[in-house]
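Heads up: the sequence lines are chains A and B, in that order.
If you read the first sequence in the numbering used here, its first letter stands for residue 372, the second for the next number, and so on.
If you read the second sequence in the numbering used here, its first letter stands for residue 67, the second for the next number, and so on.
From the three backbone atoms N, C-alpha and C, an ideal C-beta is built for every residue, glycine too.
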Amino acid sequence: MKNKNIRPSNNSSLFNRLMRFFGILSFVWILMLLEFIIIAGWIADINDPIGQNVLIRIGIGIFKVGLSGILGLGWLYLWNKIVKLYFWRNITEIDKK
Amino acid sequence: MVFGIFGDVPINLILIGLSCSFISLISSVISLKIIIPILKKRGISGKDVHKHDKPIVAEMGGIGLLIGLLPGLLCAIILLPEYSLFLTIFGGCIFIGGTIGAIDDIRPLKAWQKPLLMMLPALLIYYIMYVLPIFWPTLFIPVVGMTRLTIVYPLLIPLAFTVCGNTVNMMDVMNGTMSGSMVIGLIILTISSFILGSSLGLIFSIILAGGILGLFIWNKYPSKVFCGDTGALAIGSGLACIAIMGELEVIAIIVLLPFIMNAFHSLASIGGLIERRDIKARPILLVEEKDKNGQNIMSMVANPEKGAPLTLTRLLLAQGPLTEKQIILCFFILTIFSGILALSTSWLIVIMGV
Numbered sequence: 372m373k374n375k376n377i378r379p380s381n382n383s384s385l386f387n388r389l390m391r392f393f394g395i396l397s398f399v400w401i402l403m404l405l406e407f408i409i410i411a412g413w414i415a416d417i418n419d420p421i422g423q424n425v426l427i428r429i430g431i432g433i434f435k436v437g438l439s440g441i442l443g444l445g446w447l448y449l450w451n452k453i454v455k456l457y458f459w460r461n462i463t464e465i466d467k468k
Numbered sequence: 067m068v069f070g071i072f073g074d075v076p077i078n079l080i081l082i083g084l085s086c087s088f089i090s091l092i093s094s095v096i097s098l099k100i101i102i103p104i105l106k107k108r109g110i111s112g113k114d115v116h117k118h119d120k121p122i123v124a125e126m127g128g129i130g131l132l133i134g135l136l137p138g139l140l141c142a143i144i145l146l147p148e149y150s151l152f153l154t155i156f157g158g159c160i161f162i163g164g165t166i167g168a169i170d171d172i173r174p175l176k177a178w179q180k181p182l183l184m185m186l187p188a189l190l191i192y193y194i195m196y197v198l199p200i201f202w203p204t205l206f207i208p209v210v211g212m213t214r215l216t217i218v219y220p221l222l223i224p225l226a227f228t229v230c231g232n233t234v235n236m237m238d239v240m241n242g243t244m245s246g247s248m249v250i251g252l253i254i255l256t257i258s259s260f261i262l263g264s265s266l267g268l269i270f271s272i273i274l275a276g277g278i279l280g281l282f283i284w285n286k287y288p289s290k291v292f293c294g295d296t297g298a299l300a301i302g303s304g305l306a307c308i309a310i311m312g313e314l315e316v317i318a319i320i321v322l323l324p325f326i327m328n329a330f331h332s333l334a335s336i337g338g339l340i341e342r343r344d345i346k347a348r349p350i351l352l353v354e355e356k357d358k359n360g361q362n363i364m365s366m367v368a369n370p371e372k373g374a375p376l377t378l379t380r381l382l383l384a385q386g387p388l389t390e391k392q393i394i395l396c397f398f399i400l401t402i403f404s405g406i407l408a409l410s411t412s413w414l415i416v417i418m419g420v
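Here it is, written out as structure tokens:
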């Protein structure tokens with residue numbers, strides 16, 4: 372299927388190019404699982420120390436969802452940063468050549 | 067056979083699913099064979115801009131998928147009466163998504179209208195949740211287990227349809243990229259459903275995979291038909307349904323990592339929802355070159371302009387030009403790789419028990 376007539380401009384093979392994407396996807400996947408471990412291990416265990424007050428319990432519930440949401444947003448932010456870094460570094464390298 | 071954490075998947079369900087999938091495949095292929103000349107005759111066609119000779123290709127191939135899915139779904143409803151209502155809801159969601167897509171294909175909707183309309187299939191899920199009520203979705207997260215998001219989760223259902231529809235739609239950039247990647251993704255979801263014991267996930271994924279495979283046969287490089295928004299939004303709706311009703315939310319996210327990568331970085335780079343036609347800087351540039359035999363061929367390079375959307379294609383081209391065939395191959399390999407990650411997650415869930 373590979374068309375041999377057009378060579379990638381910086382001589383990196385298609386496989387090498389894909390390896391970097393495998394790296395990004397694996398990193399994103401591992402980070403996602405790590406976040407789940409943090410949520411399960413720490414955030415989900417946060418409880419009302421008094422154990423009676425409904426308002427405090429609701430507040431803690433909102434805090435848990437909020438904290439998990441922040442972790443999720445952090446995951447997306449990091450993913451975006453890595454991808455941008457990968458793209459602009461490569462574009463600059465090609466431009467220099 | 068008790069295997070997955072959600073319960074067991076009976077063998078007869080797998081066999082019926084495979085048969086219905088085959089029926090969907092055959093009917094999709096046949097319906098498209100009939101529809102393509104009609105679409106072309108009626109002028110529902112567009113230029114394939116990535117080819118040197120810019121051939122005219124029929125659009126709205128999704129209609130063939132919708133027609134093709136009908137016999138497969140009907141057979142499943144008859145053969146699996148215990149799942150008939152869920153299958154009807156699944157079919158309904160796909161057809162609502164497809165109809166919104168068809169409206170957009172005929173008379174382009176505004177950038178904010180499409181995501182809003184794509185929330186409509188969620189009404190069918192609400193129907194079985196609140197009116198009947200025979201189904202209550204629970205978010206299953208690996209490591210964490212079942213979550214009790216009784217208020218937040220139902221609110222997120224319409225958003226799931228919108229996100230899935232648009233994410234799938236944004237992946238339909240070259241011949242067969244969306245349909246081919248979705249076939250791979252749905253096969254992975256079928257295997258994951260089997261591993262986890264999600265009967266609904268399995269039957270939905272396998273039938274939809276058959277129908278899309280029929281579409282892919284006509285949509286693959288060089289395309290005889292484009293899926294159009296009809297196909298993309300129908301598939302997106304079906305996918306959201308599989309994730310929600312099959313309790314495969316996180317697995318679906320992992321399978322679709324390349325799709326999400328494409329949509330998320332594009333939107334992040336242009337700062338929100340903008341209709342494809344309204345984006346001024348294109349993500350890629352076409353270059354005409356001559357091959358060894360002196361024939362003209364098209365290759366693609368990443369647009370170095372800052373304002374251009376950071377699509378998956380543009381990312382793939384960051385290290386230099388590629389041909390359309392090479393890019394399509396990259397899309398498939400990336401989906402297979404994310405599928406391996408999804409299967410690993412499924413196994414991890416089974417091993418850990420959550």
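Between residue i and chain A, is any beta-carbon pair separated by less than 8 Å?
| i | result |
| --- | --- |
| residue 62 of chain B | Because chain B in this structure spans residues 67 to 420, residue 62 of chain B falls outside the shown range and cannot be described. |
| residue 109 of chain B | no |
| residue 309 of chain B | no |
| residue 274 of chain B | no |
| residue 168 of chain B | no |
| residue 396 of chain B | yes |
| residue 83 of chain B | no |
| residue 349 of chain B | no |
| residue 172 of chain B | no |
| residue 222 of chain B | no |
| residue 320 of chain B | yes |
Is it right to say residue i is buried, meaning 16 or more other beta carbons lie within 10 angstroms of its own, or is it exposed?
| i | result |
| --- | --- |
| residue 301 of chain B | buried |
| residue 97 of chain B | buried |
| residue 439 of chain A | buried |
| residue 386 of chain A | exposed |
| residue 458 of chain A | buried |
| residue 118 of chain B | exposed |
| residue 68 of chain B | Caution applies to residue 68 of chain B, whose pLDDT of 38 falls short of 50 and renders its modelled position unreliable; the model cannot decide the point. |
| residue 454 of chain A | buried |
| residue 74 of chain B | exposed |
| residue 371 of chain B | exposed |
Return no unless some Cβ of chain B is closer than 8 Å to the Cβ of residue i.
| i | result |
| --- | --- |
| residue 425 of chain A | no |
| residue 465 of chain A | yes |
| residue 373 of chain A | Unreliable positioning characterises residue 373 of chain A in this predicted model, as indicated by a pLDDT of 39, which lies under 50. The coordinate reading is nonetheless provided below. For residue 373 of chain A, the answer is yes, since a Cβ of chain B falls inside 8 Å of its Cβ. |
| residue 388 of chain A | yes |
| residue 433 of chain A | no |
| residue 385 of chain A | yes |
| residue 417 of chain A | no |
| residue 462 of chain A | yes |
Can you list the residues of chain B that residue i reaches, using a CB-CB cut of under 8 Å?
| i | result |
| --- | --- |
| residue 402 of chain A | Within chain B, no residue comes near residue 402 of chain A; the closest Cβ sits about 12 Å away, beyond 8 Å. |
So residue i contacts chain B; which residues on that side make the cut at Cβ distance below 7 Å?
| i | result |
| --- | --- |
| residue 393 of chain A | 403 |
Could you list which residues in chain B have their beta carbon closer than 9 Å to that of residue i, in chain order?
| i | result |
| --- | --- |
| residue 410 of chain A | 207, 209 and 210 |
| residue 407 of chain A | 207, 208, 209, 210 and 316 |
For a contact meaning CB atoms closer than 8 Å, what does residue i contact in chain A?
| i | result |
| --- | --- |
| residue 334 of chain B | 451 |
| residue 218 of chain B | 436 |
| residue 370 of chain B | 462 and 466 |
| residue 376 of chain B | 454, 455 and 458 |
Which bits of chain E does residue i rub up against, with CB to CB less than 8 Å?
| i | result |
| --- | --- |
| residue 396 of chain A | This model lacks chain E altogether, as its protein chains are A and B. |
What do you reckon, is the C-beta of residue i under 7 Å from a heavy atom of the ligand NAD?
| i | result |
| --- | --- |
| residue 465 of chain A | For the ligand NAD, the structure offers nothing, since it holds no ligand at all. |
Residues of the stretch 444-460 of chain A in Cβ contact with chain B at a cutoff of 8 Å, in chain order, please. For the stretch 444-460 of chain A, which is checked against every Cβ of chain B, the residues closer than 8 Å are 447, 450, 451, 454, 455, 457 and 458.
Going along the stretch 203-216 of chain B in order, which residues come within less than 7 Å of chain A, judged by CB to CB distance? Residues passing the 7 Å Cβ filter: 207, 208, 209 and 210.
Only counting runs of 4 or more residues, tell me where the alpha helix (DSSP H) segments fall wholly within the stretch 421-468 of chain A, in order along the chain. Listed in chain order, they are 425-467.
Report the start-end ranges of each alpha helix (DSSP H) in the stretch 208-281 of chain B that is 4 residues or longer and not cut off at the edges. Correct list: 218-236 and 243-262.
Whole alpha helix (DSSP H) elements within the stretch 385-422 of chain A, 4-residue minimum: At a cut-off of 4 residues, the continuous stretches assigned as alpha helix (DSSP H) that sit fully inside the stretch 385-422 of chain A are 385-409.
For the stretch 349-417 of chain B, list the alpha helix (DSSP H) runs that are entirely contained and at least 4 residues long, ordered along the chain. Runs of the alpha helix (DSSP H) inside the stretch 349-417 of chain B: 378-382.
What are the start and end residues of each continuous beta strand (DSSP E) run of 3 or more residues lying completely inside the stretch 99-146 of chain B, in chain order? Entirely contained in the stretch 99-146 of chain B, the beta strand (DSSP E) runs reaching 3 residues are, in chain order, 111-113 and 122-124.
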